[in-house]
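Asks: Below you'll find the structure I mean.
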């Protein structure tokens, strides 16, 4: 996809501005890392990394609690709110699946498949695992960006967990996912040859 196509998708999908900003920051971090890894002799498609990072949360508004998206989005229109509510029902609040289906209608088979690997538990999933280096880089970069701020992996995991789960005790599954993410960090930073 080219950038114009991606930005057009933001309009068509009524993607909240704060989510767009988040994806752009993730793309900045992921692209930087992909370039470093490529420079160190690993085969990685930097454009695929950029594109996946720029669309991974395309339909995020459908998982927000009522009015959460409105809080961050400058002046949401009535149409924005109507579309989010419609898609929440249509896609059963599964933003990743919704994004994948929309990408398939745009004949973007690679991105439609790759975005399925961007769910939180993908790193330990058998159904939609991280299969490519490009998917791993975007998945990791997303775990380093809280909203639009570049933060430590530890802080991001804590912030993300609290945002979606409150004070609920972490399950063993979540602990296993977080451990696997820390291991992925070591792997990717080693390949990049530097800390980011």
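Numbering (our numbering), first residue to last: -12 to 183. Glycine included, C-beta positions come from ideal geometry on N, C-alpha and C. Quantities reported herein were computed from a predicted structural model and do not represent experimental measurements.
For residue 102, which residues does DSSP report across the bridge?
Replies: Within the chain shown, numbered from 1, the residue matching residue 102 stands at position 115. Beta-bridge pairing links residue 102 to no other residue.
Asks: Identify which residue in 65, 134, 46 has its Cα closest to the Cα of residue 77.
Replies: For the purposes of this step, residue 77 is identified with residue 90 of the chain shown, where counting begins at 1. Among 65, 134, 46, the Cα nearest to that of residue 77 belongs to 46.
Asks: Return the CA-CA distance between residue 137 and residue 131, expressed in angstroms with no decimal places.
Replies: Looking up residue 137 in the chain shown gives position 150. Looking up residue 131 in the chain shown gives position 144. The straight-line gap from Cα to Cα measures roughly 6 Å.
Asks: My parser needs the alpha helix (DSSP H) runs of 4 or more residues fully inside the region 30 to 55; what are they?
Replies: The qualifying runs are 33 to 42.
Asks: Rounded to a whole number of angstroms, what is the C-alpha to C-alpha distance between residue 109 and residue -1?
Replies: Working through the chain shown from its first residue, we reach residue 109 at position 122. Working through the chain shown from its first residue, we reach residue -1 at position 12. For residue 109 and residue -1, the distance between alpha carbons rounds to 27 Å.
Asks: Beta-carbon within less than 7 Å of residue 83's beta-carbon, same chain only, minus the 5 sequence neighbours each way: which residues are those?
Replies: Against the chain shown, residue 83 aligns to sequence position 96. 102, 103, 105, 106, listed in sequence order.
Asks: Looking at the structure shown, is residue 136 part of a helix, part of a strand, or coil, going by DSSP?
Replies: Start at 1 with the first residue of the chain shown, and residue 136 comes out as number 149. Three-state DSSP puts residue 136 in a strand.
Asks: Report the option in 169, 36, 161, 48 whose CA atom is closest to the CA atom of residue 20.
Replies: By one-based count along the chain shown, residue 20 stands at place 33. The residue with the shortest Cα to Cα distance from residue 20 is 36.
Asks: Residue 49: which of 79, 42, 8, 29 sits nearest, CA to CA?
Replies: Taking the first residue of the chain shown as 1, we reach residue 49 at position 62. Measuring from the Cα of residue 49, the nearest candidate turns out to be 79.
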